[in-house]
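Notes for the one structure printed next.
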Amino acid sequence: MSNLVYFQSKRHQTPDNKTLLKFIPRNKDEGPKADKVRKMFSEEQYIRYLALVMIYRAYNFMPKEHQEVIKDLTKYGIFDELAVSTKTNLTNCYVSSNGEFIYDDIGYALPKGYIPRVRIVDENDNIYVEAFSDKGERNVFQFIYYNDSKKHIWKRADKTREDFLLDF
Numbered sequence: 111m112s113n114l115v116y117f118q119s120k121r122h123q124t125p126d127n128k129t130l131l132k133f134i135p136r137n138k139d140e141g142p143k144a145d146k147v148r149k150m151f152s153e154e155q156y157i158r159y160l161a162l163v164m165i166y167r168a169y170n171f172m173p174k175e176h177q178e179v180i181k182d183l184t185k186y187g188i189f190d191e192l193a194v195s196t197k198t199n200l201t202n203c204y205v206s207s208n209g210e211f212i213y214d215d216i217g218y219a220l221p222k223g224y225i226p227r228v229r230i231v232d233e234n235d236n237i238y239v240e241a242f243s244d245k246g247e248r249n250v251f252q253f254i255y256y257n258d259s260k261k262h263i264w265k266r267a268d269k270t271r272e273d274f275l276l277d278f
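Residues in the sequence shown are numbered consecutively from 111, following the working numbering.
In structure tokens:
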């Protein structure tokens, strides 16, 4: 197997990133490096490490438990855009950094001019999008896509459900 080397542009080089790059697995045998990162570094650094793992396409070299963490972060809308851009096949929808909901590489506008902020997939694979109006009103919409007719609808979710909110 070739000896992979991971590079980062000067703009993104920080002492933390340089250190974390050393722990990105280059093959399946180096996967346990992730356990060291989880033990040695803060939670924030661990999350950054997982993002770097995805960016450098080392996801498949990671142990299953760390892959599950990445899947959960993708499911809860933290890594959704990153998962799509790195082609990890963890999701096919995301809220882009410029406030657009994308499903299967197609942008979908939300009802009444709402702007999406977070996309969440629940345990039944239902897609929910938390969105805000230009007046600051918050709503949660369920995105339903019909494969047979290639049509979609936005269903307004119960406004009183607070379990869609994430606490960081």
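Every residue gets a Cβ at the ideal spot worked out from N, C-alpha and C, and that includes glycine. Here the structure is a predicted model, which is why all the values come from computation and not from measurement.
Please determine, among the options, the residue with the shortest C-alpha to C-alpha distance to residue i.
{"i": "Leu220", "options": "Ala161, Glu175, Glu178 and Trp264", "result": "Trp264"}
{"i": "Val231", "options": "Pro173, Gln252, Tyr218 and Thr124", "result": "Gln252"}
{"i": "Ile225", "options": "Tyr213, Ile237 and Phe242", "result": "Phe242"}
{"i": "Cys203", "options": "Ser195, Thr196, Tyr213 and Glu175", "result": "Tyr213"}
{"i": "Val239", "options": "Arg227, Asp258, Gly246 and Lys149", "result": "Arg227"}
{"i": "Glu210", "options": "Val179, Glu233, Arg229 and Ala193", "result": "Arg229"}
Cβ of residue i within 8 angstroms of Cβ of residue j?
{"i": "Pro135", "j": "Ala168", "result": "yes"}
{"i": "Phe171", "j": "Gly141", "result": "yes"}
{"i": "Met164", "j": "Thr198", "result": "yes"}
{"i": "Asp215", "j": "Thr201", "result": "no"}
{"i": "Val205", "j": "Gly187", "result": "yes"}
Checking the sheet assignment: what are the DSSP bridge partners for residue i?
{"i": "Arg229", "result": "Val239"}
{"i": "Val250", "result": "Glu240"}
{"i": "Gly217", "result": "Ile212"}
Using a Cβ-Cβ cutoff of less than 7 angstroms, which residues in the same chain neighbour residue i once the five nearest sequence positions on both sides are dropped?
{"i": "Leu114", "result": "With a pLDDT of 45 at Leu114, under the threshold of 50, the predicted position of this residue should be treated as unreliable, though the coordinate-derived value follows. The residues are Arg136."}
{"i": "Arg266", "result": "Asn249 and Phe251"}
Looking at the unbroken alpha helix (DSSP H) that takes in residue i, where does it start and where does it end?
{"i": "Arg136", "result": "Taken as a continuous stretch (DSSP letters only), Arg136 belongs to no alpha helix (DSSP H), as it is neither H nor E."}
{"i": "Tyr159", "result": "Glu153 to Ile165"}
{"i": "Ile188", "result": "Careful: Ile188 lies outside any alpha helix (DSSP H) and carries neither H nor E."}
{"i": "Lys149", "result": "Lys143 to Met150"}
Cutting at 8 angstroms between CB atoms, please list the residues of its own chain near residue i, excluding the five before and the five after it.
{"i": "Asp126", "result": "Gln155 and Arg158"}
{"i": "Phe278", "result": "Unreliable placement is indicated for Phe278, whose pLDDT of 37 sits below 50; no coordinate value is reported for it."}
Could you pull the start and end residues of the beta strand (DSSP E) that residue i belongs to?
{"i": "Lys260", "result": "That residue, Lys260, is in no beta strand (DSSP E); it is neither H nor E in DSSP."}
{"i": "Tyr169", "result": "Note, Tyr169: premise wrong, no beta strand (DSSP E); not H, not E."}
{"i": "Tyr204", "result": "Cys203 to Val205"}
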